[in-house]
Structure formats: structure tokens, C-alpha cells
Amino acid sequence: MKKTSLLQRPAVREVLRVLLAISIALIIGFIITLLVSKEPFEAYKMFLIGPLTRLNRAGEWIKESITLMLLGLSVALVFKANLFSLGAEGQMLMGALTSGVIALFVPLPGYLRIPLALVVAGASGFIWGAIPGFLKAKLKANEIVSTLMLNAIALRFYDYILIFFIKRPGAGYNASDCFPKDGVLPTFIPNLPFLQDVYQLFNTKANVTIMLYIALIAVYVVWRLMFRTPYGYELRMLGANENFASYGGIDTKRTIVLTFAISGILAGLAGAHLGMGIHQKLIANITVSLAFEGIVVALLARNNPLMVPISALAYGYLRAGADIMERSADVSREMVLIIQALIILLVTAERILPMIKQRIETRKNMSAGAPLAATQEQANISEGGNDVI
Amino acid sequence: MSFDVVLRSIFSAVFFASVLRISTPIILAALGGLITELSGAINIALEGIMLVSAFTGVVVSAYLHNTLLGVLAGIAAGVLIAALLGYFALYLKANIILAGTAVNILATGGTIFLLYVLTGDKGNSSTLASGMAPNVHIPLIKEIPFIGTVLSGHHIFVYLAFVLTALLATLLYRTRLGTHIRAVGENPVAAASLGIDVRKTQLIALLISGFLASFGGLTMSMAYLNIFQREMTAGRGFIGLAAVYLGGRKPWGTVLAAIIFGFADALSNQLGSLNIPSQLVQMIPYAVTILALAVYAVREQTLKRERQRKFQEQEEHLLKGETA
Numbered sequence: 002m003k004k005t006s007l008l009q010r011p012a013v014r015e016v017l018r019v020l021l022a023i024s025i026a027l028i029i030g031f032i033i034t035l036l037v038s039k040e041p042f043e044a045y046k047m048f049l050i051g052p053l054t055r056l057n058r059a060g061e062w063i064k065e066s067i068t069l070m071l072l073g074l075s076v077a078l079v080f081k082a083n084l085f086s087l088g089a090e091g092q093m094l095m096g097a098l099t100s101g102v103i104a105l106f107v108p109l110p111g112y113l114r115i116p117l118a119l120v121v122a123g124a125s126g127f128i129w130g131a132i133p134g135f136l137k138a139k140l141k142a143n144e145i146v147s148t149l150m151l152n153a154i155a156l157r158f159y160d161y162i163l164i165f166f167i168k169r170p171g172a173g174y175n176a177s178d179c180f181p182k183d184g185v186l187p188t189f190i191p192n193l194p195f196l197q198d199v200y201q202l203f204n205t206k207a208n209v210t211i212m213l214y215i216a217l218i219a220v221y222v223v224w225r226l227m228f229r230t231p232y233g234y235e236l237r238m239l240g241a242n243e244n245f246a247s248y249g250g251i252d253t254k255r256t257i258v259l260t261f262a263i264s265g266i267l268a269g270l271a272g273a274h275l276g277m278g279i280h281q282k283l284i285a286n287i288t289v290s291l292a293f294e295g296i297v298v299a300l301l302a303r304n305n306p307l308m309v310p311i312s313a314l315a316y317g318y319l320r321a322g323a324d325i326m327e328r329s330a331d332v333s334r335e336m337v338l339i340i341q342a343l344i345i346l347l348v349t350a351e352r353i354l355p356m357i358k359q360r361i362e363t364r365k366n367m368s369a370g371a372p373l374a375a376t377q378e379q380a381n382i383s384e385g386g387n388d389v390i
Numbered sequence: 667m668s669f670d671v672v673l674r675s676i677f678s679a680v681f682f683a684s685v686l687r688i689s690t691p692i693i694l695a696a697l698g699g700l701i702t703e704l705s706g707a708i709n710i711a712l713e714g715i716m717l718v719s720a721f722t723g724v725v726v727s728a729y730l731h732n733t734l735l736g737v738l739a740g741i742a743a744g745v746l747i748a749a750l751l752g753y754f755a756l757y758l759k760a761n762i763i764l765a766g767t768a769v770n771i772l773a774t775g776g777t778i779f780l781l782y783v784l785t786g787d788k789g790n791s792s793t794l795a796s797g798m799a800p801n802v803h804i805p806l807i808k809e810i811p812f813i814g815t816v817l818s819g820h821h822i823f824v825y826l827a828f829v830l831t832a833l834l835a836t837l838l839y840r841t842r843l844g845t846h847i848r849a850v851g852e853n854p855v856a857a858a859s860l861g862i863d864v865r866k867t868q869l870i871a872l873l874i875s876g877f878l879a880s881f882g883g884l885t886m887s888m889a890y891l892n893i894f895q896r897e898m899t900a901g902r903g904f905i906g907l908a909a910v911y912l913g914g915r916k917p918w919g920t921v922l923a924a925i926i927f928g929f930a931d932a933l934s935n936q937l938g939s940l941n942i943p944s945q946l947v948q949m950i951p952y953a954v955t956i957l958a959l960a961v962y963a964v965r966e967q968t969l970k971r972e973r974q975r976k977f978q979e980q981e982e983h984l985l986k987g988e989t990a
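Residue numbers (this note's numbering), protein chains in the order written: chain A, 2 to 390; chain B, 667 to 990.
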């Protein structure tokens, strides 16, 4: 009896659902590997343990996860308000561009230049996020289409500035110069005498930057914002029921604009991390393959900011593993996209768990010969799926 | 190049012909977006459907040495992907935008993955000898000087796009199914109370959407180009979705909007030679779409308020009649 009550707790069910989805997706991934690879076990082993095999690989994993953490927070905030945004790509591009310009051209010492660049990246994400928020709140304009359009505009704007103003004339490829040292985020281990060895090791092998701390602070701030401030209360009320929230005297319009804008700050910072942390210059297609990754991270974390680091690390691990698998075996890294898609589908499908439960129950009933229980089960199912995302 | 040379090349028959060709995949995607938009089950997976169709068409036509079979397989694949989306969104109650995003990711990853398995190349299908849709030369019209060049000699999908638009307009506004689709999108609860099966209607709309968008994908890989390239749809599915809003959620308006997007694309290529940045030209239709979105939303609000006011007046009128 005790066991069933544990299973019925929503938090446990959520975790179970996510774990089940990931396991099914990984198993399907393995079946695909079996079908296409000459050495499937070796390939899948590299996929699953690859990021841990060398320090630089682990570094890649952590760097990737930092970006994903910021993107996941950005999306979780919007989802929590029961809103939708596909605009992370545009906000990232704006953040990368503005912070990149400062990192390249503003002649300030590093301890001023880097904070300035980060603040400006956040601000440009804020503005780029506030636009769809404003359109949604004041005009009830569809936020999915407006965020997609703003992505397209940002992409062209980024290319335009990069090609016509930043790139060295005559350079063959569309990229800026490497950022000067004062414009690159420093390694996360401080350069202190007694840490010299570790500092050297990380600086050369796995350059994880101070963005790690910023991302973790962001996790705390977003959590605090969501659960310990009046704004957070309004946000959650809005997410639970918009009409009820506005009857309750909440300025829903202001909350919507703010939510989109704050989500933009986080994506803007992720963009700054791409430029000043990972690539250390501005390149064309800098956000490639990251546009919708925040959605997966937020989904796996069930929109809980404190869970975002875990889901970002887990998902970043899969992405890093796929890269290593591609380099060391005959399976291409796109397999992780298939796994990602399966995870989204399985996690969001409200009806899957009740349906499996129903199957098991009916089978039990068939053997026990109790037809009455089936109708009761039916009633249980209909109360199963109530939250939207 | 001097200004008037470029200007002349823009207002030439060849240029307008190229606008038509560039617009075709966008038109077809937009038609798919229109029907789902009207049904209330927004299809964000147009992009993925196009990719899968483009890929399937190329592969099947190459392996069976038959272009028609390739096209048919491409259509079937597109409808199948739409059905997958419909199953998860409508029957397993997944959020339709998340499920659509998942389908897009699946399509991007799946096509590259299979391309690599089949050809050993992750970039394109150049090693496969795939089929090509035939060109159509319209008798009589092709003889007319300017118009002949613009309208005749395109591949078959260009004409199909307009035929399908007419068919879709008829379906939506002249048939029972079309009325049901629009009713479900307008107010699902009211439609259900009249005995319309909302879920089934939305599923049918999604399947038709998959059918239409798959032509858009086939246009890309079997007519516009004769090859499959990774991520070759390059956002056209999303542009199609935008065209629906820019076109005021009407069939011919949507087509016109899609052509505007095509025009901006073609124009930006031409202006590149004048040192006018193509990125700025390409930005315009997106910005206009946001504007259109805002205007449409405002109009919708005013109409709603107007309706409410009228309703209230009627109520008051009735009440007065009762008391008198």
C-alpha cells in the first residue's frame, strides 16, 4: 500500500516520467546504432562514457552545459507562465553580437571590459525579448510567430554587422579577429600562486570560464525570482490560470512583458558565453544547433530552476558524447538529435503513463476477472493530464 | 555594375520568373500552415515535413529509377510525419508546439543521419542519381514575349502550387469539411457542442497540411535543385507560417505574402551586386510580418469589442421591449 502512495506523489511521477522517457530514447538510440554500425557496442560505449575519458572532453561537456543551463533557465521562466517562446536564438545572437563588439573594440582593461560586455549582452537580450512580450501583452499577437520572425531578423542583422563592419576586409571567411585577452572570459580557477598547476591544466586543456559561476548564480536568482518575490507569484499565477490571475488583481500584461524580457537576458548571456567563452571570436552561424535546446533542458527540469543544472549537465553530456562517438566510430552525431526528439515527444505526451498503466491494469483485470475495475481506471485517466507543458 | 543595369535586370521577365520559382516552396509550405492555423492546431513542423519529403523523394527516385514513385513516396512520408505529430499532439495530449519542435529536430537529425548511412556523406546526396520533376511549356502563352518568359517553362510544382491554392480555397470555403475545420479553429467548444469531432477534424487538417507541405519539400530537392542537401529547407517552413499571418489567414492572401517573401529573396540576390547588403533586404518581409501580426491582432480586438457592444445593445433593446 505504501508503495502506491509514493508512486502517486506528483514529484515522483514527474521524475519517473522523465527517467522513463530518457531510457526509452536511449534504448531506441542503441537499436539504431545496432542497425547502422559495424561496431555498435564500441560506438555506443563512446557515446555513453566518452565525455569522461579525457579532461579536454569533460571540459567540452561542461562548457556546453553552461550554455544549455542559461538557455534552459530562459525557457523555463517563460514556460512557467504558460507562455511560449521560440526566440532564444535571436536573443543569443544579439547577446553574442553586442558583447563581441565590446570585447573587440572597447579599450578598457579586462576587469571592466568583461562585466560591461556581459551587462550589454543581457540588456540586448532584454530588449529583444521584450518586443514579443510587448506584442503579446498589449496586442495579443501570437508570440510563436513573432519570436520566429525576430530570430530571422536577428540572424540577418548579425550577419550584416559581422560581414560589413567587423570582419577584416578581404578575409576569406565570415569571422571576426580573435578577441583580445581582455575580451575573453577568464578560466574559472583563479590564477593564484598555490593553484598554479590546476590553473595551467585547465587553461590549456579544458577552458571552462567564470561563466560557470554566473550560470549557477543565475540558477539561484531565477529560483528566487520565481518562488520568493511578488513577481514570481504573479508569474506562477499567470501560468496556473490567466483569467484568475487578472481577476485577482495581477497586472498580467506587465508580468508577460517582464517574463519575456528576463528570459531574454538569460539567452543574451548564453550568447555572450558563445562569443567570449567558447569560440573567442564572432563567427557566422554561431548559434547553430542551439536554437531549441533550451526547450529540452527546461522540459527535462519540469521548469524548476533548481533542476535546470542537472538537466543541462545530463543533456550536455549526451551532446558531448555524440560528438565523441562521431569522431571515434562510424555513427554520426545527429543520432543525438533523434534521441532529443524522442525525449521531447515522450516527456510531453501526457497520456503515455496513464495509457501504460491502463494496459497493465486491464491485463490484471483480465486474469482476475474483475470488469468493474476497468471503469474506475477510466475515471483515473481523465484526471491524469491537466498541466499544459 | 551601374544602377540602371541592375534596375533593368530586376524588372526583367527572367527576374519575375525566378521570383515565381523561389516562391513556390514557400507557397506550398504556407498553404499547409494555413489549413492548420484555421483549424486551431498550429503546425510548427512544416519545416520538418518538408525536409523529410525532400529527402524521401530523392532517395526513392534514385533507388527505384522512377521520378513519379519518388514524388509519391515523398508525399507519403510528409503525410506520415504529420500523422506522427497528430498522434502525439491530439491523442497523447503532448503540447502541439513542443511536439512540432520535436518533429523538426527529428527531421533534421534523421535526414542527415540516414543520408550518411546511405551515401557516406553528411552534406548532400550528390552520389545519388535522383529524379527531376518535368518542366511545363504552356502552348500559346509561351509565345507571348514578356508574359511567356514569366509564366511558361517552369517545373510542374510552380503550377501545382496555384492549383492547390484554388483547391484549398474551395475546400475551406465551399465544403462541409472546410466549414468544420474553420469552426473548430474559431471555437472548439462551440463546434463540439454541435456534434463536430474536434480531434478528428484537427487531425484531418494536419494530414492535409502534411500533404501540402510535402510538395514544398519535393520542390526543393526535385525541381528547384536536383539534389538533397542537409537542412536544405533553411527555414522556409517557418517563412510559410509567417506568410499565413502576413496574408491575413486567407488562401490567396497567403500566396501573395509567400510571393512577397520570394520577391525579397530574389531582390536581395540582385542588389548584392550594387553593394546593397542582401541581409537588410531579406530582413524587410520579416519586419513587415511582425507589423502585419500587430495590425491583425489590433483589428481582431476591435472587431471583438464591436461585436460585444452590438450584443449588449441588442440585450438592452430586448430588455426595454420586455418592460414596455
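C-beta: ideal position from N, C-alpha, C; glycine also.
For the options Ala12/A, Gly134/A and Arg18/A, the alpha carbon positioned closest to that of Gly265/A is the one of Gly134/A. In the DSSP assignment, Ala350/A falls outside any alpha helix (DSSP H) and carries neither an H nor an E.
In the DSSP assignment, the residues bridged to Ile284/A are Ala176/A. At a cut-off of 7 Å between C-beta atoms, Gln92/A does not count as an interface residue with respect to chain B.
Contacts with chain B at 7 Å (Cβ-Cβ) do not include Lys81/A. As DSSP reads the structure, Gln895/B sits in a beta bridge with Asn790/B. C-alpha of Ala963/B to C-alpha of Ser859/B: approximately 27 Å in a straight line. Under the 8 Å Cβ criterion, the segment 919 to 932 of chain B does not count as touching the segment 743 to 757 of chain B, having fewer than three qualifying pairs.
Contact between Ala871/B and Ile701/B is confirmed by a C-beta separation of about 5 Å, below the 8 Å threshold. For the segment 689 to 718 of chain B, the set of positions with a beta-carbon nearer than 8 Å to some beta-carbon of chain A reads Ile708 and Ile710 in chain order.
Put simply, the backbone Cα of Lys759/B is about 21 Å away from that of Phe293/A. Per DSSP, reduced to three states, the secondary structure at Asn244/A is helical.
Ala138/A places its beta carbon 7 Å or farther from that of Ile263/A.
For Ile154/A, the chain B residues whose Cβ falls inside 7 Å of its Cβ are Met949, Tyr952 and Ala953, in order along the chain. The C-alpha of His846/B lies about 42 Å from the C-alpha of Pro306/A. For the segment 886 to 904 of chain B, the set of positions with a beta-carbon nearer than 8 Å to some beta-carbon of chain A reads Gly901 and Phe904 in chain order.
Against chain A, the beta carbon of Phe754/B has neighbours under 8 Å at Leu346, Thr349 and Ala350, listed in chain order. In the structure shown, the three-state DSSP call for His821/B is strand.
Selection Thr188/A, Tyr159/A, Asn208/A and Pro52/A evaluated against Tyr316/A yields Pro52/A as nearest (Cα-Cα). Closer than 8 Å at the C-beta level to chain B, one finds no residue of the segment 305 to 325 of chain A.
Within the segment 904 to 925 of chain B, those residues whose Cβ lies closer than 7 Å to any Cβ of chain A are, in chain order, Phe904, Leu907, Ala908 and Tyr911.
Relative to Asp787/B, the option among Leu869/B, Arg896/B and Gln945/B whose CA is nearest is Arg896/B. Here Thr188/A carries a strand assignment [DSSP, helix/strand/coil]. In the DSSP annotation of this structure, the continuous segment of the alpha helix (DSSP H) that includes Phe779/B starts and ends at Ile762 to Thr785. Below 8 Å, too few C-beta pairs join the segment 338 to 356 of chain A and the segment 96 to 109 of chain A to call them touching: fewer than three. Around the Cβ of Val864/B, a 10 Å sphere holds 16 or more other Cβ atoms; the residue is buried. Within the segment 202 to 246 of chain A, the runs of alpha helix (DSSP H) that reach at least 4 residues and sit entirely inside it are, in chain order, 212 to 229 and 231 to 241. His274/A is positioned such that its CB atom lies no closer than 7 Å to that of Met367/A.
Distances from the CA of Gln341/A to each of Val725/B, Leu772/B and Ile688/B were compared; the closest alpha carbon is that of Leu772/B. Linking Val199/A to Gln281/A through their CA atoms gives a straight-line distance of about 22 Å.
For Ser719/B and Leu884/B, the gap between their C-alpha atoms comes out near 6 Å. Ranked by Cα distance from Ala219/A, the options Leu270/A, Ala241/A, Gly130/A and Phe195/A are led by Leu270/A. For Thr793/B, the nearest beta carbon of chain A is not closer than 7 Å to its own beta carbon.
Of the candidates Tyr782/B, Gly913/B, Gly919/B and Met798/B, Tyr782/B places its Cα closest to the Cα of Asp331/A. Of the candidates Pro310/A, Ala268/A, Glu61/A and Leu84/A, the residue whose Cα lies closest to the Cα of Arg320/A is Glu61/A. For the options Phe31/A, Ala299/A, Ala155/A and Met227/A, the alpha carbon positioned closest to that of Ile950/B is the one of Ala155/A.
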